[in-house]
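Note sheet for the following structure.
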DNA sequence: AATTTATTGCAACAACATTGCAATATTATA
DNA sequence: TATAATATTGCAATGTTGTTGCAATAAATT
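Protein chains in written order, with this note's numbering: chain A, 4 to 127; chain B, 4 to 127.
Right under this line is the structure:
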C-alpha cells in the first residue's frame with residue numbers, strides 16, 4: 004500500500020498546517036480551497052494518522068480532531084500531551100504539558116486521550 | 004423540577020452499581036432486568052449526572068460511559084481522575100490516580116476528560 | 001380522590017463517521 | 001511514451017450514537 008501524492012492530500016495538510024491547531028473534518032472542508040468529498044477527507048486524515056503525520060483527538064463534543072504530530076515518531080510517548088478544547092471558538096489546541104500517569108501492574112496502555120474543556124485565553 | 008422515584012431510575016442505577024464500573028447506554032439496556040426505552044435510559048443517565056450521582060466519560064470509541072461518583076460533591080476536583088478503557092472486554096473503569104495538569108494563564112478549565120485505552124489486567 | 005407535573009415510550013431526527021463500488025488518477029514498468 | 005497496476009476519489013448508502021417533540025402515563029402533593 005504505497006502512498007501517492009495527490010492534490011487532495013496536499014490541500015488537507017496545508018489547511019491544518021496553516022491553521023496551527025487541530026481541526027475537525029467539517030472545519031477542514033470549510034477552509035480547504037478545492038472541493039473535496041467528506042468521506043475522502045476522513046480517509047485522508049486517517050491515512051495521515053496511520054503514517055504518523057497527524058494524531059487524532061476525541062473531544063467532548065464527540066468529534067474527532069486531527070493535529071500535526073511534532074516528533075511523534077521518535078518516541079512512543081508521542082501524543083501523550085494534554086489538549087485544550089475551547090467551547091467558545093470551538094478550536095482544539097495541543098498543550099505542551101505531557102500527561103503523567105501511573106497505572107496498576109498488568110495494564111497495557113495503547114493510547115492516551117486527554118482533553119481539557121473550557122474557555123481559552125483569547126475568548127475569556 | 005423535583006425528582007421522582009421510578010422503577011426505571013432504580014433499575015438503571017442498580018445495574019451500574021452491581022457492575023462496579025462505568026457503563027454505556029447499550030450495555031445498560033442489555034443488562035437491565037426490565038424493558039426500558041433507549042431514549043429514557045439516556046434521560047435517566049443525564050439526570051443522574053446533573054444530580055451528581057454519576058459522571059460522564061467520553062471514551063475513544065466515541066461512546067459515553069457513565070460511572071458512579073465517589074465523593075464528587077465535596078470538592079470540584081470531582082471527576083478529575085484517569086479512566087481506563089479496555090479494548091478487549093470493552094469496559095471502562097475509574098482509576099484512583101488524579102489528573103495533574105497545568106495550563107497557561109488565562110485558560111479556564113471547566114471539564115476534564117482523560118481516558119487511557121489499552122488492555123486491562125484481566126484481558127492481558 | 002383529584003390535581004399537578006415529572007417521567008416515559010415512541011418515532012423522528014440530527015450529527016458524525018464509515019463502507020462498497022465504480023470511476024479516476026498516480027506511479028511504476030515496459 | 002504508452003501501458004499496466006493499483007492507490008485514491010466521489011457518490012450514495014449505511015451505521016452508530018445521542019437528542020427531541022409530543023402525547024400518554026405515573027408519582028407526589030393536596
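Beta carbons: idealized from backbone N, C-alpha and C, even for Gly.
Excluding its 5 nearest sequence neighbours in each direction, residue 71/A has C-beta neighbours in its own chain below 7 Å: 19, 20, 57, listed in chain order. Proximity of residue 44/B to chain A, defined by a Cβ-Cβ separation below 8 Å, is not satisfied. Residue 69/A sits close to residue 25/A, with the two beta carbons spaced by under 8 Å. Only exposed fits residue 92/B, as fewer than 16 other CB atoms lie within 10 angstroms of its CB. No Cβ of chain B is located within less than 8 Å of the beta carbon of residue 68/A. Note on geometry: alpha-carbon atoms of residue 101/B and residue 84/B lie some 4 Å from one another. For residue 124/B, there is no enclosing beta strand (DSSP E), as DSSP marks it with neither H nor E. A straight line joining the alpha-carbon of residue 17/B with that of residue 65/B spans about 24 Å. With a cutoff of 8 Å on beta-carbon distance, residue 95/B and residue 61/A are scored as not near each other. When DSSP states are grouped into helix, strand and coil, residue 96/B belongs to the strand group. Residues of the region 105-117 of chain B with a Cβ closer than 7 Å to any Cβ of chain A, in chain order: 105, 106, 107, 109, 110, 111, 112, 113, 114, 115, 116, 117. Residue 116/A counts as buried, since at least 16 other C-beta atoms from the protein chains shown sit within 10 angstroms of its C-beta. At the C-beta level, residue 34/B and residue 107/A stay beyond 8 Å of one another. In this structure, the straight-line span from the alpha carbon of residue 30/B to that of residue 22/B is close to 10 Å. Beta-bridge pairing by DSSP links residue 69/A to 26/A, 59/A. Between residue 23/B and chain A, the shortest Cβ-Cβ separation is not below 8 Å. Looking at 32/B, 4/B, 122/B, 51/B, the one whose alpha-carbon comes closest to that of residue 87/B is 122/B. The contact set of residue 63/A on chain B, defined by CB atoms closer than 7 Å, consists of 61, 114, 116 in chain order. Around the C-beta of residue 120/A, 16 or more other C-beta atoms lie within 10 Å, and the residue is accordingly described as buried. Listed along chain B, the residues sitting closer than 9 Å to residue 120/A by beta-carbon distance are 112, 113, 114, 115, 116. Listed along chain A, the residues sitting closer than 7 Å to residue 123/B by beta-carbon distance are 110.
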